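In the numbering used here, the protein residues as written are 622 to 750.
Virtual Cβ for every residue (Gly too), placed ideally from N, Cα, C.
Note that this is a predicted model, so its numbers are computed, not measured.
Working notes for the structure below.
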Amino acid sequence: MKNIIILLAVILTSFAAQSQSLSKKDVTGTWFVQNVENITANPKMASAMAKAVINLYADSSFEIKQKQEGSAYSYATTTHKNAKWSYNPSTQTINTTRSKMTFIISQSGDKIYFTDQNSGLKFEVVKPI
C-alpha cells in the first residue's frame with residue numbers, strides 16, 4: 622500500500638511539472654535561438670533563424686533579428702515595423718501581426734521551445750536575463 626501511494630505521488634508530481642505554464646511576464650523579453658529542430662520543414666528559414674534574437678517587448682512590440690554572416694556582433698532586423706505580439710496563456714501561444722507568425726511554447730526539462738506553427742520549425746530558446 623505504501624508503494625502505491627509513493628507511485629501515485631510521483632506520477633502526480635510529474636504531471637504537475639509538465640503542465641507548468643509561462644505567464645506573459647515570463648515570455649516578455651529577449652530570447653536567443655540556440656538550436657533549430659525539424660530543419661527539413663523549411664531549410665531557408667531554419668538557416669535564417671539559426672542564432673537569431675527574438676524580442677518580445679513589454680509594450681507588445683515584436684522583432685526578430687538575424688545574425689549577419691561575417692560579423693560576430695552584427696544583427697539585422699527582419700520583421701516589419703510596428704509588428705505587435707500577443708500571448709494566450711491558456712494555449713501557450715504567441716501570435717504576431719505583420720509577420721503572421723504563431724509560436725507554440727513548450728518546455729522539456731529545463732529547455733524552452735518556440736515552435737512556429739506555419740513552418741513547423743522548432744526553436745530551442747534561452748532568455749539570458
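{"Query": "For a quick check, are the C-beta atoms of ILE733 and GLN713 less than 7 Å apart?", "Result": "no"}
{"Query": "Which one of THR723, GLN728, TRP652 has the shortest CA to CA distance from LYS748?", "Result": "TRP652"}
{"Query": "May I have the straight-line CA-CA distance separating ASP737 from TYR678, to the nearest angstrom?", "Result": "19 Å"}
{"Query": "Taking only three categories from DSSP, how would you classify ASP737?", "Result": "strand"}
{"Query": "How is the beta strand (DSSP E) around LYS688 delimited, first residue to last?", "Result": "683 to 688"}
{"Query": "Do PHE724 and VAL657 come within 7 Å of each other at the CB atom, strictly closer than that value?", "Result": "no"}
{"Query": "Identify every run of the alpha helix (DSSP H) within the region 637 to 664, keeping only runs that are complete inside it and at least 4 residues long; order them along the chain.", "Result": "645 to 648"}
{"Query": "Classify GLN687 as buried or exposed, calling it buried when 16 or more other Cβ atoms lie within 10 Å of its own Cβ.", "Result": "buried"}
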